[in-house]
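**Q** Dropping a structure here in C-alpha cells format, bear with me for questions.
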Amino acid sequence: MIVQYMGLALDLSKVKAIYIDDMKLIFEVDNILLKVYDEDSEAYELRSFQNAPIVKEFMYIDNLSESFKAWIALWEEYKENNN
1233 MIVQYMGLAL DLSKVKAIYI DDMKLIFEVD NILLKVYDED SEAYELRSFQ NAPIVKEFMY
1293 IDNLSESFKA WIALWEEYKE NNN
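As numbered in our numbering, the sequence shown has no gaps in its residue numbers, which increase by one up to the final residue, 1315.
Pasting the structure below:
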C-alpha cells in the first residue's frame, strides 16, 4: 500500500523501521530480492540486495516531530488493517 504525506510517497508494506537521526527522518525498507544467474551452478537463484534508506531532511524540529508522528500513525494503521 502506497501512502503519501508531506511530499513523500512510500509503500508501507516494505517499511521495516522509521526513526529520527539528527534533523532527518529515516525510513529503512526491506531488501530487494532478484533472480540472478549463477555461472558456477548454471542456474538462477534468488539473491537479496540491501536497499538504501529513504532520508527526508527537516529545518525545524517541530516539522520533524509532526512528520514522524504522522508517519508512525499511518504505519500503525496499515499494520492493523493488514494483519
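By construction, the Cβ of each residue, glycine as well, lies at the ideal position given by its N, Cα and C atoms.
With DSSP as the reference, label Ser1273 as helix, strand or coil.
**A** The residue you call residue 1273 lines up with position 41 of the sequence shown. Ser1273 falls in the coil class under three-state DSSP.
**Q** Looking only at C-alpha atoms, which of Leu1296, Val1261, Ser1299 sits nearest to Phe1281?
**A** Against the sequence shown, residue 1281 aligns to sequence position 49. The residue with the shortest Cα to Cα distance from Phe1281 is Val1261.
**Q** Quick check on Tyr1237: does DSSP put it in helix, strand or coil?
**A** Along the sequence shown, read from residue 1 onward, the residue named residue 1237 stands at position 5. Looking at Tyr1237 - three-state DSSP - the assignment turns out to be strand.
**Q** According to the neighbour-count rule (16 or more other Cβ atoms, all chains shown, within 10 Å of its Cβ), is Val1287 buried or exposed?
**A** For the purposes of this step, residue 1287 is taken as residue 55 along the sequence shown, with counting starting at 1. By the 10 Å Cβ count, Val1287 comes out exposed.
**Q** Val1262 lies in the beta strand (DSSP E); which residues open and close that run?
**A** As a working mapping, residue 1262 is identified with position 30 in the sequence shown. The sequence as given places Asp at residue 1262; Val does not occur at that position. Here Asp1262 belongs to no beta strand (DSSP E), and DSSP marks it neither H nor E.
**Q** Please state if the CB of Met1238 and the CB of Ala1302 are separated by a distance shorter than 9 Å.
**A** Reading the sequence shown from its first residue, position 70 is the one you call residue 1302. Reading the sequence shown from its first residue, position 6 is the one you call residue 1238. Against a cut-off of 9 Å, the Cβ pair of Met1238 and Ala1302 comes out as a contact.
**Q** Under 8 Å Cβ to Cβ from Trp1307, same chain only, skipping five residues before and after it: list those, please.
**A** To locate residue 1307, count along the sequence shown from 1; it is residue 75. The answer, listed in chain order, is Leu1244, Val1247, Ile1250.
**Q** Provide the residue(s) that pair with Ala1249 in DSSP beta bridges, ordered along the chain.
**A** In the sequence shown, the residue the question calls residue 1249 occupies position 17. In the DSSP output, where bridge partners are listed per residue, Ala1249 has Glu1260.
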